[in-house]
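Enquirer: Residues in the sequence shown are numbered from 1 upward in steps of one, following the UniProt record's numbering. We treat Cβ as the ideally placed atom computed from N, Cα and C, and that holds for glycine. Note that the coordinates shown come from a computational prediction; the quantities given were computed from them, not determined experimentally.
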Amino acid sequence: MAKTLPRPIRLRLEQSLGQWRQWELQPEPGAPPVLLEPLGQGLSNHSFLVAADQHKLVLRLDGASPLANGLSRQAEWRVLQHAHAAGIAPRPRYCNPELGVLVCDHLPSQSRETESLADLGGLLRTIHGLPAIHLRLDPGERCKRYEHALRAADNPGWARLAPLEPAMGRLLARAEALAGPAVLCHNDLLRANRLYSDGRLWAVDWEYAAMGSAWFDLAAVIAGDEWHPPAATTLLEHYLLRPPLASEIEALAVYDCVYRYLELLWYTLYPNTLSVHHREQKQATLASRLSAL
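#1: Using a 10 Å radius around the Cβ and a threshold of 16 neighbouring Cβ atoms, would you call Gly129 buried or exposed?
#2: At what residues does the beta strand (DSSP E) containing Tyr94 begin and finish?
#3: At what residue ranges does the region 35-72 contain a whole run of the beta strand (DSSP E), taking only runs of 3 or more?
#4: At a cut of 8 Å, does the region 21-40 reach the region 91-106 through at least three beta carbon pairs?
#5: By DSSP, does Val183 sit in helix, in strand, or in coil?
#6: Output the boundary residues of the beta strand (DSSP E) element that contains Leu265.
#7: Could you name the residues that DSSP lists as bridge partners for residue 311?
#8: Considering Val276, what are the terminal residues of the alpha helix (DSSP H) in which it resides?
#9: In three-state DSSP terms, what is Ala173?
#10: Classify Asp154 as buried or exposed, calling it buried when 16 or more other Cβ atoms lie within 10 Å of its own Cβ.
#11: Can you give the Cα-Cα distance for Leu123 and Glu141, rounded to whole angstroms?
#12: Nearest-angstrom Cα distance between Pro166 and Glu147?
#13: Please classify Trp158: does DSSP put it in a helix, a strand, or coil?
#14: For my contact list, Asn69 and Leu137 are in at a C-beta cut-off of 8 Å; report their separation, rounded to the angstrom.
#15: Mapping DSSP to helix, strand and coil, what is Ala75?
#16: Excluding sequence positions up to five away, which residues of its chain have a Cβ less than 8 Å from the Cβ of Ala203?
#17: In angstroms with no decimal places, state the Cα-to-Cα distance between Leu290 and Asp225.
#18: Are the region 71-82 and the region 215-234 in contact at 8 Å, needing three or more beta carbon pairs?
#19: Closest to Arg260 by C-alpha separation, out of Leu5, Asn272, Gln283, would be which residue?
#20: For Leu161, which option in Ala173, Cys143, Gly180 has the closest C-alpha, if you only look at C-alpha atoms?
#21: Relative to the alpha-carbon of Tyr255, which residue among Arg93, Pro131, Gly212 has its alpha-carbon at the smallest distance?
#22: For Pro230 versus Ala175, is the C-beta distance shorter than 8 Å?
Structure (structure tokens):
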């Protein structure tokens with residue numbers, strides 16, 4: 001199986017598996033781990049299911065440079081430890097940023113027809129109550145960085161996005177005023193990163209976790225999964241455990257647009273990750289949401 005992988009990935013996978021005695025496993029396995037199957041290549045990483053005696057684990061290898069995307073593997077490790085202690089994330093077992101590897105417990109997924117919005121609201125509340133870290137996500141700064149990269153590369157996709165820049169500049173200033181206190185955020189809690197296991201809702205793939213606005217974290221769920229407004233309001237009620245105030249509905253709508261713009265910039269920087277047609281659809285949705293504010 002490993003022989004079919006690109007040589008650099010295969011070599012790093014072999015190195016990572018060779019570090020198995022350093023993995024925090026109890027009882028310690030009596031033999032090296034076995035590669036079971038690849039779990040698919042994400043936009044930035046490669047993940048594999050491995051077995052070490054009775055332990056089933058997910059081994060993730062960096063694809064793109066974490067630093068290039070403003071990520072900290074040390075911060076992710078600390079957040080994972082806190083999130084696991086809170087019962088919302090798999091247990092982290094090993095992290096080696098130099099090798100670009102993270103090993104966590106594998107959570108067997110339980111299929112469910114529908115996801116409970118009460119469960120999701122509770123998961124978000126628990127995330128936002130986790131201990132603070134030093135890493136912070138500033139959506140405005142991230143947007144400016146991506147805009148600069150697109151202009152510097154003379155990216156043809158920027159011509160389609162440039163007309164949005166003035167309105168988004170004003171909206172980002174508005175978002176900063178509405179941000180509220182900084183809390184620990186997952187920042188990528190899309191449907192693919194939520195799963196039911198052992199009767200509970202868990203969050204996985206914490207690499208974008210950082211301090212920031214709770215409104216951005218909520219918007220990442222709603223905009224990232226393309227929720228309709230009624231469902232978004234219901235989630236907000238479950239998150240707040242009360243009917244939302246008009247100012248809170250406004251904050252979520254503003255951050256919905258911020259998330260959508262940041263997402264569009266990222267997809268334009270990496271055009272092979274999404275078709276032109278789907279980028280145009282996303283831009284049309286953003287323009288419609290902006291006009292409603």
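Expert: This is what the structure gives:
#1: Locating residue 129 in the sequence shown gives position 129, where the first residue counts as 1. So Gly129 counts as exposed.
#2: Against the sequence shown, residue 94 aligns to sequence position 94. Start and end: 92-96.
#3: 45-52, 55-62
#4: yes
#5: Within the sequence shown, residue 183 is the residue found at index 183, counting from 1. Looking at Val183 - three-state DSSP - the assignment turns out to be strand.
#6: For the purposes of this step, residue 265 is taken as the residue at position 265 of the sequence shown. From DSSP, Leu265 is part of no beta strand (DSSP E) but of the alpha helix (DSSP H) over 246-269.
#7: Because the chain in this structure spans residues 1 to 293, residue 311 falls outside the shown range and cannot be described.
#8: The count along the sequence shown starts at 1 and reaches residue 276 at position 276. Where Val276 is concerned, the enclosing alpha helix (DSSP H) stretches over 276-292.
#9: Along the sequence shown, one-based indexing puts residue 173 at 173. In the structure shown, Ala173 sits in a helix (DSSP, three-state: H, G or I).
#10: The residue given as residue 154 occupies position 154 in the sequence shown. It is exposed - the Cβ of Asp154 has fewer than 16 other Cβ atoms within 10 Å.
#11: Residue mapping note: residue 123 aligns to position 123 of the sequence shown, counting from 1. Residue mapping note: residue 141 aligns to position 141 of the sequence shown, counting from 1. Cα to Cα, the separation comes out at about 27 Å.
#12: Counting from one through the sequence shown, the residue named residue 166 turns up at place 166. Counting from one through the sequence shown, the residue named residue 147 turns up at place 147. Distance between the alpha carbons of Pro166 and Glu147: 12 Å.
#13: Position 158 of the sequence shown, counting from 1, holds the residue named residue 158. It is helical.
#14: For the purposes of this step, residue 69 is taken as the residue at position 69 of the sequence shown. For the purposes of this step, residue 137 is taken as the residue at position 137 of the sequence shown. So it is not a contact: roughly 11 Å between Cβ atoms.
#15: Working through the sequence shown from its first residue, we reach residue 75 at position 75. Three-state DSSP puts Ala75 in a helix.
#16: By 1-based counting over the sequence shown, the position of residue 203 is 203. Once the five neighbours on either side are set aside, the close Cβ partners of Ala203 are Ala83, Ile88, Ala89, Leu123, Ile127, His186, Leu189, Asn193, Arg194.
#17: Counted from its first residue, the sequence shown places residue 290 at position 290. Counted from its first residue, the sequence shown places residue 225 at position 225. Roughly 18 Å separates the two Cα atoms.
#18: no
#19: Against the sequence shown, residue 260 aligns to sequence position 260. The residue with the shortest Cα to Cα distance from Arg260 is Gln283.
#20: On the sequence shown, position 161 is the one that residue 161 refers to. It is Cys143.
#21: The sequence position of residue 255 within the sequence shown is 255, counting from 1. That would be Gly212, whose Cα lies nearest to the Cα of Tyr255.
#22: Here residue 230 refers to the residue found at position 230 of the sequence shown. Here residue 175 refers to the residue found at position 175 of the sequence shown. Taking 8 Å as the Cβ cut-off, Pro230 and Ala175 do not qualify as a contacting pair.
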